[in-house]
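Throughout the sequence shown, residue numbering follows my numbering, covering 27 to 207 in sequence. A virtual CB, placed ideally from N, CA and C, is assigned to each residue, including glycine. The structure under discussion appears below in the form of structure tokens.
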Amino acid sequence: MERTLLAMKQNGINAIRTSRYSPMEPYFYSLCDRYGFYVVADANLMPASSGKRVVATEKDMIPFFERRVENLYGSHKNHPSIIVWSLGNTRDNGVCMTAAYKRLSSLDKSRPVMFSGAQMGENTDLIAPTFPKEGELRQVVEKADRPVVMARTVDAPHFAQIGSLWQQVNDRPQLQGGFLD
């Protein structure tokens, strides 16, 4: 793990999002603290809709969502490398995600909370589009009333797009960068 992080640092990578690997073991966060990475720590929330059921909209599930963000905060709050909390890597939005956002925001007033599924809604401090195309990203940034961070920029088959996306980061101060998937 340490060799991988050092190789990332040597190749100009300075931020990590834990979306696919949350929660990470404590040693990971200690290494990120030591080597100066910025970390977006994702909650272990992946409510997936299935046909007629959208878990994130079911009020009786709110305590479950709140416990997940409380556990994330409680176990990682003392790591200075964590600069943003994330509610996870899902598009499903609803009362559960709003409750999780409010709970996490009340626990830590010093770090923003992001949720890509909120789009430009009230339950995210950052607008975090997922896999935006160049024209879509431009439109999001033009409408944005807060910072924009691409939650997931491109996946492996689309790495050719990274140059045009990165040019937009350089051209638009409101666009803070993004995370590869």
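Just checking my contact of residue i with residue j at CB under 8 Å: how many whole Å lie between their CB atoms?
i	j	result
R129	V167	So it is not a contact: roughly 29 Å between Cβ atoms.
V175	Q200	V175 to Q200, Cβ: 10 Å. No contact.
D68	G114	5 Å
R94	N70	5 Å
E92	A125	6 Å
Tell me whether residue i is buried or exposed, calling it buried when 16 or more other Cβ atoms sit within 10 Å of its Cβ.
i	result
T30	exposed
P73	buried
I39	exposed
N149	buried
A33	exposed
G204	buried
R46	exposed
R172	exposed
Y53	exposed
M146	exposed
M140	buried
Could you check where the alpha helix (DSSP H) with residue i kicks off and where it finishes?
i	result
G77	Where G77 is concerned, there is no enclosing alpha helix (DSSP H), given that its DSSP letter is neither H nor E.
Q165	160-169
Return the first residue and the last residue of the beta strand (DSSP E) that residue i is part of.
i	result
Y202	Reading the sequence as shown, one finds Gln at residue 202 and not Tyr. Taken as a continuous stretch (DSSP letters only), the beta strand (DSSP E) holding Q202 covers 201-204.
M176	174-176
Cβ of residue i versus every heavy atom of the ligand ADP: is any distance shorter than 7 Å?
i	result
K128	In the structure on display, the ligand ADP does not appear, and there are no ligands present to speak of.
So within the stretch 93-151, which uninterrupted beta strand (DSSP E) runs reach at least 3 residues, ignoring any that extend past its ends? 108-112
Spell out a yes or no on whether the stretch 99-107 and the stretch 119-128 are touching, meaning 3 or more CB-CB pairs, one atom from each, closer than 8 Å. no
Could I get the ranges of all uninterrupted beta strand (DSSP E) runs contained in the stretch 31-75, with 3 residues as the minimum, in chain order? 41-43, 64-68
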